[in-house]
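There are 4 protein chains.
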Amino acid sequence: MNRRQQRYGTLSAPQGDLALRYTSVRQRSMALVAPLSEADAQVQSMPDASPAKWHLAHTTWFFETFILERFERDFAPHHAAYRVLFNSYYQGVGDQHPRTQRGLVTRPSLDEVRGYRQAVDERMSALLRGGVNAEAAMLIELGLQHEQQHQELILTDIKHLLSCNPLRPVYRRQWPLARVAPVAAAWRVFDGGAVEIGHDSNGFAFDNESPRHAVLLRPYALTNRLVTHGEWLAFIADGGYCDARWWLAAGWDWVRANSIEAPAYWQRDGANWTSFTLHGRAPIDPHTPIVHVNYFEADAYANWRAAHDGQACRLPTEAEWEHAAQSVSQSVADGNFVDSGALHPMPISRAGESLMQMFGDVWEWTASAYAPYPGFQRWDGAVGEYNGKFMINQYVLRGGSCATPRDHIRASYRNFFPTDARWQFSGVRLAKDTVT
Amino acid sequence: MNRRQQRYGTLSAPQGDLALRYTSVRQRSMALVAPLSEADAQVQSMPDASPAKWHLAHTTWFFETFILERFERDFAPHHAAYRVLFNSYYQGVGDQHPRTQRGLVTRPSLDEVRGYRQAVDERMSALLRGGVNAEAAMLIELGLQHEQQHQELILTDIKHLLSCNPLRPVYRRQWPLARVAPVAAAWRVFDGGAVEIGHDSNGFAFDNESPRHAVLLRPYALTNRLVTHGEWLAFIADGGYCDARWWLAAGWDWVRANSIEAPAYWQRDGANWTSFTLHGRAPIDPHTPIVHVNYFEADAYANWRAAHDGQACRLPTEAEWEHAAQSVSQSVADGNFVDSGALHPMPISRAGESLMQMFGDVWEWTASAYAPYPGFQRWDGAVGEYNGKFMINQYVLRGGSCATPRDHIRASYRNFFPTDARWQFSGVRLAKDTVT
Amino acid sequence: MNRRQQRYGTLSAPQGDLALRYTSVRQRSMALVAPLSEADAQVQSMPDASPAKWHLAHTTWFFETFILERFERDFAPHHAAYRVLFNSYYQGVGDQHPRTQRGLVTRPSLDEVRGYRQAVDERMSALLRGGVNAEAAMLIELGLQHEQQHQELILTDIKHLLSCNPLRPVYRRQWPLARVAPVAAAWRVFDGGAVEIGHDSNGFAFDNESPRHAVLLRPYALTNRLVTHGEWLAFIADGGYCDARWWLAAGWDWVRANSIEAPAYWQRDGANWTSFTLHGRAPIDPHTPIVHVNYFEADAYANWRAAHDGQACRLPTEAEWEHAAQSVSQSVADGNFVDSGALHPMPISRAGESLMQMFGDVWEWTASAYAPYPGFQRWDGAVGEYNGKFMINQYVLRGGSCATPRDHIRASYRNFFPTDARWQFSGVRLAKDTVT
Amino acid sequence: MNRRQQRYGTLSAPQGDLALRYTSVRQRSMALVAPLSEADAQVQSMPDASPAKWHLAHTTWFFETFILERFERDFAPHHAAYRVLFNSYYQGVGDQHPRTQRGLVTRPSLDEVRGYRQAVDERMSALLRGGVNAEAAMLIELGLQHEQQHQELILTDIKHLLSCNPLRPVYRRQWPLARVAPVAAAWRVFDGGAVEIGHDSNGFAFDNESPRHAVLLRPYALTNRLVTHGEWLAFIADGGYCDARWWLAAGWDWVRANSIEAPAYWQRDGANWTSFTLHGRAPIDPHTPIVHVNYFEADAYANWRAAHDGQACRLPTEAEWEHAAQSVSQSVADGNFVDSGALHPMPISRAGESLMQMFGDVWEWTASAYAPYPGFQRWDGAVGEYNGKFMINQYVLRGGSCATPRDHIRASYRNFFPTDARWQFSGVRLAKDTVT
């Protein structure tokens, strides 16, 4: 086995149904933009977000650049300028169109991007029909996982865009979602010790999940469910956003500089709070998991809760979270993912003994800075830029959200965002030490 | 005659063909956006510019707000939210959607805005069929003049947007434009003395053109034609953008802070310069008038020319310009306006004895700060915000451009922009004192 | 008479007592910094202000550069680096230390700067003892006028610095100043017509005051006294800072972006307003002229007053102001200048028939953009940068203030600042048309 | 033992010579500012830095607030306003003067601050003479450790200020420092395994160094000495600052946004580089440790070295560093600290078998985000704000520098700065995995 094979060892083995999976994932992207007008798909509402049209084109560029260019006989680019125009950040592939100006590219049109997708899909299908070697298969799987990440971003970015419109437009109306009686929070205890985290080499994983390695954990506990909107209302009512005691210094600066008084998308409507959802503006449902809070808010909430309950609590580390996720019976399949169509975190439908809501609903902030695992090696070539160069000044989130495709997530999956990011479906689960 | 009538005295008398004119102007706006996709019409490429869709809606809002709401029996708004959404800056009408966020409003769609236009047009037609009084007629004329101003902005704003696209898209391809042998620059002399400027009350004028009043002018001369691209190339070649001597202090700060080395839309292409036009990227034609320069550049060019020619020269004042425009035989009808379809300043087709290119081609920067004329009175009501509140920190431009409708311009017309604005079709004519 | 002599024609003829005047002006600068510590003299509290130490050094640099370097036999610089370090903005003299970093230059020390002043003073004295020609005499007079301008800035800049200190330190305690019974405002009428403004060539003037020239004025009136603090309190009480109607568009943007609710240096102290003065924090005296308002505020006040009084009023033009100043009996000598020691605008001590407070107390904002007079010519050489290159985006103020040396001012004197500047001693006198 | 006692358990036991140590540390601060003028001590040259006068006052405020106010009988504040003026960031103590405006406070004068120090020192001496309990003793020790941290900042902040002066002033001239033959770099190997880090409870430690706890380390190696200026010159010569491959994404953005091409304080002087030191501008000595690089640069250098040497290398984790520091024979006493008077990193004077330069010379960037140790507890009360609230978006540095007092450092000491900070004496030691 040569070095390159070794390095791609964490990519999944070629699957008989790769072609089928390719078609399915690609179609899912188109389904997500179906409710959007050409104008909706064009606009970049803030620097962190990208236009839906750009997501459609960039994911296609990924297949063209990393698979077709390398494995297709007589490769010729679909459009020479797209190499730069839809390159997100791969220095190894050459220049990139400036990130903040993605919304200014009104041409190619949405139809032309659809044509680009179709042309690449046909060429990919031909390639797949001809059979691909293990490396190509792995890169195709990477392209599909990449596209699934952008599917989530299509939803979070369009949510941000629509929220900027005073007419409060709707992405898809399906409200009210189910209402269920609340489940009391309780601690679930773990012994800790020397445990293993990281990907176990079954199926696909990103390079940042490897190598699997041992870590030492002290005995700890996690709450059985996510922090809810109702619990957050109590934090607000108790002056949580007005009291420096709960906040990291940088968080407090952020609160004051931006006059923050509630999670993103919240708005006072008389005496009550409402929030903007993909179903339009809606009242706060106290039993649903809190969402659209950033690291600063998650951490402040934990500090307030500790003082309020008279018992230390905090955010979990990513190792604690992953060890717990390995240990419990809840499977990924139980989660509220994009596949459910809810597009919003949901109350618990069925209380259980074990940890609930570990997968889906909201990404859970951890206390862990995003860093390479011991012995981490980037993938070879330009795809080596996929993760490694972002391992700084960001924090890890775990478990996927209501905008994540179900077959995209796993216990070792590491998402990461800066501490002030709020437009993702990000929420909170609490942890504590059980021995002090 | 009551006071209100008196105050609207500069508005044109009701015309038999007002309905016809209404239809014609309104259709012209739609014709201008015909080459645009929904995406093109959606995007705001910089704070100074607005989306084409917004221009279409705002001009319609103007008729709905200032004519229908006041003169229509049983008025009801087309859509309650539009009152805020498409209000540009009229504090007297209530809140406004923030200017910098116009591009985020993807809904109403372009089709819905077309529907808004059609509905208001039908109601306006009904109103006109029923006959309108003098005040309504004047306000309708104001609405049409207002729409013509936005027609020019549709072109300058879309030019800016398309220029941001590395694919260099084309608004309308009609290149090369005519080429003609150059005309030598020469001075045309005026005696000065006590002369009158301002609107003479024949036909429509904005409030800022009144009252007509006397000013004292020293003997002066203007160049017979506009400064050309070829002359500007000589300025650049002589280091014009690298020599503080020619520049106002604020202009020099602007040059250095932005690393300016040529007019807007210019780009080096090997040894040559090209510029972005509405026909795509094109080589610099030395015989066409220079365009897309701001006040700082216009003033620096004049200072450089004075040193270069060993003879003082400068920008004209607006009074000098207007007096000259009154005195010469060239009529507005000769100018290169939007009606010609060139959408770019053109070389002189036929040399004459008199001043040439006074109307059309490019707006000519004057040395005059935009200020109220002696005895200036704003119009009554919210339309009083039309001009007066902008009379600060801006400078006057005269004569109209290749993006201006021909029937919109006149000798007394005062356009105005800040000293660093370059995205308008703005150029330069020189002046000098003939007695020192 | 050669050209250079002609160009310096507006400079004063050599005076027998130039050496005496030199000593007197230079000593006055040192007296102004006497109450300052080395730390006070070091700090630059905002980009518009400069450290007192810098003012002392820069004015000395002016004499060294423009007089000694040209007229001294065997000239050698006091310190080679000072040529750049203390050059404010003269491109013709070479590089300049960045304006915003003047406060970082802790060495040379204040003592070394004192030494620099003394050395240059000795060399200047030697030069003057030897006799100077007309051109040198004119440049020396320019240097003295220049130093007087910086004397005013020493006071306005130190006032700003001290106001930033929560301990509210005092420059010089002399409070309370005189209190006098109020004088009712009244209009003083002028016929207008073709009048002459600009310097009459008697004594020194800056190049920007020439050439003297005719302007046409419509009949107008000015108020007999300055707007007072008491009148401004009424403007605030009536919601003046909360009502867009009174404000220029750019002014309203400024009010909202900066949450402005009162003039600079004001602070609410319970139910009352106080302001920071060079004598420390003090209650608002309603009979003193309003001070530390910018153009936007001055213009808004005039608009509010017009609506409040039901009678149009506005800011005067500089031509109106100067014509009035020529016509009235009040002499410069009556004014409250820095010589009085009050360092604050004062109430009227003696009501008269004529215009009062035209000179001293506060600089009066005019409606006139700062522009070259017809036929304006800059001085030759680097001193030609003194005024001309700033004639853009600024407005003219007239009459001098309580921080201006009395022998520095005259009717034709033109001061100028941007529309948002408030740290100068700037106030308001109203004007109106008497024929409409 | 009550809870409070328990929480302060990591503070040193009261020492017989605490009074002596108090005097010694406090005098050392005064000695450091002895070469400064009042102007030098006044200015804040950038937001990250503070004026030397402020450091002197703030450290005094610390003793007044946390010791005198609590333990002194009949406590009265030295000056009521100082409570706010010299509070850095302790929300628990009340308001703070804005950090960026520390340089504007010209009064109290430097002499008054000296008086403040003297008064507090006298009261502290009286308190110590009377005997203090364990808690007071611990807080006094904390105050001394705090003051030692500010002693380092006095030097780094004054270095930044003096570097802004084009005259290149000198803090203390002692150049050239010793030159010694270079020592070849070599790897020193460690077995890893489950090792303990964190403070061992002997002597003082900050709360962030506790609790001591086990971590798992893979086998690793560190270089025997620090990366040198000479090695950095090779990185620059090889285009290190121009090649995105070596840089974290955020680092590359920083390089381009700021046009970085060398470490802080470097300047090209013809063909050679010089750097600004506390001894003035000096040529780069290739054998001295590299200094004034930020995390981005340190990380990029490691990546470049790995590619250059064909062998993976990286920054050490803080656990690797601390374990190595525990294991080697070099004592703190060997280091080049502020006590040596060099005020600059020095070449190795004597090559050894073990790790060299672990203590002193430059702070060594580690790959570890600054985070609480497992089971971390903040100190009680306002001093709990000392460390915990900064545990976000910063990275740990280890070992102390040439500006650190020798008796202030230890193997478990954790310093921390954001990834773009360069004005500290920060450098690089490389690490690698020995098993892959």
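Residue numbers (this note's numbering), protein chains in the order written: chain A, 110 to 545; chain B, 110 to 545; chain C, 110 to 545; chain D, 110 to 545. All residues carry an ideal CB built from backbone N, CA and C; glycine is no exception. Being a predicted model, the structure only gives us computed values, none of them experimental.
Straight-line Cα distance separating residue j from residue i
i	j	result
Phe-315(D)	Arg-423(A)	21 angstroms
Leu-127(B)	Asp-516(B)	14 angstroms
Ala-346(D)	Ser-154(B)	40 angstroms
Val-364(A)	Glu-370(A)	8 angstroms
Leu-145(C)	Thr-528(B)	40 angstroms
Leu-236(A)	Asp-183(A)	12 angstroms
His-269(B)	Asp-362(B)	23 angstroms
Arg-531(B)	His-338(B)	15 angstroms
Ala-295(A)	Ala-243(A)	46 angstroms
Ser-310(A)	Arg-487(A)	16 angstroms
Leu-286(B)	Ala-148(B)	28 angstroms
Tyr-350(D)	Ala-415(D)	16 angstroms
Leu-325(C)	Pro-483(B)	10 angstroms
Val-289(A)	Thr-132(A)	37 angstroms
Whole-angstrom C-beta distance between residue j and residue i, which should lie under 8 angstroms
i	j	result
Val-552(A)	Thr-543(A)	For chain A, the structure presents residues 110 to 545; residue 552(A) sits outside this window and is missing.
Leu-264(A)	Leu-387(A)	7 angstroms
Asp-470(D)	Pro-398(D)	5 angstroms
Arg-226(A)	Asn-274(B)	Contact doesn't hold; Cβ gap of about 20 angstroms is too wide.
His-401(A)	His-259(A)	Rounded, the Cβ-Cβ distance is 20 angstroms, inconsistent with contact.
Val-279(B)	Gly-444(B)	Not really, about 24 angstroms apart at Cβ, beyond 8 angstroms.
Ser-272(A)	Phe-385(A)	4 angstroms
Trp-284(A)	Ala-185(A)	About 48 angstroms separates the two Cβ atoms, so there is no contact after all.
Nearest neighbour of residue i, chosen from the options [CA to CA]
i	options	result
Pro-481(D)	Ile-501(D), Asp-470(D) and Ser-463(D)	Ile-501(D)
Leu-342(D)	Asp-352(D), Val-304(D) and Asp-394(D)	Asp-394(D)
Leu-262(B)	Ala-415(B), Pro-160(B), Val-304(B) and Arg-414(B)	Pro-160(B)
Ser-535(A)	Phe-468(A), Ser-319(A) and Gln-205(A)	Phe-468(A)
Val-292(D)	Leu-253(D), Arg-334(D) and Ser-521(D)	Arg-334(D)
Ala-520(B)	Gln-435(B), Phe-526(B) and Glu-462(B)	Gln-435(B)
Ala-246(D)	Gly-312(D), Gly-224(D) and Thr-475(D)	Gly-312(D)
Beta-carbon neighbours of residue i, restricted to chain A and to distances below 8 angstroms
i	result
Gly-484(D)	Arg-327, Asp-542 and Thr-545
Cross-chain neighbours of residue i in chain C, by beta carbon under 7 angstroms
i	result
Ile-501(B)	Leu-357, Ala-359 and Thr-528
7 angstroms Cβ cut-off: residues of chain A touching residue i
i	result
Gly-107(B)	There is simply no residue 107(B) to check, as chain B begins at 110 and stops at 545 in what is shown.
Per-residue contacts from residue i into chain B (C-beta, under 7 angstroms)
i	result
Lys-498(C)	Leu-357 and Ala-358
Review point. In chain order, which beta strand (DSSP E) runs of at least 3 residues are fully inside the segment 195-274 of chain D?
Key: DSSP runs (the beta strand (DSSP E)) wholly in the segment 195-274 of chain D: none.
Exercise for review: Please specify which runs of the beta strand (DSSP E), each continuous and at least 3 residues long, are wholly inside the segment 451-530 of chain A, giving them in chain order.
Suggested key: You should have 472-478, 504-507 and 524-526.
Review point. At what residue ranges does the segment 119-189 of chain A contain a whole run of the alpha helix (DSSP H), taking only runs of 4 or more?
Key: Qualifying alpha helix (DSSP H) stretches, in chain order: 127-142 and 161-172.
Practice item. Just list the beta strand (DSSP E) runs in the segment 277-339 of chain A, keeping only unbroken ones of 3 residues or longer that don't cross its boundaries, in chain order. Key: Segments of the beta strand (DSSP E) lying fully in the segment 277-339 of chain A: 296-299, 302-306, 322-326 and 329-332.
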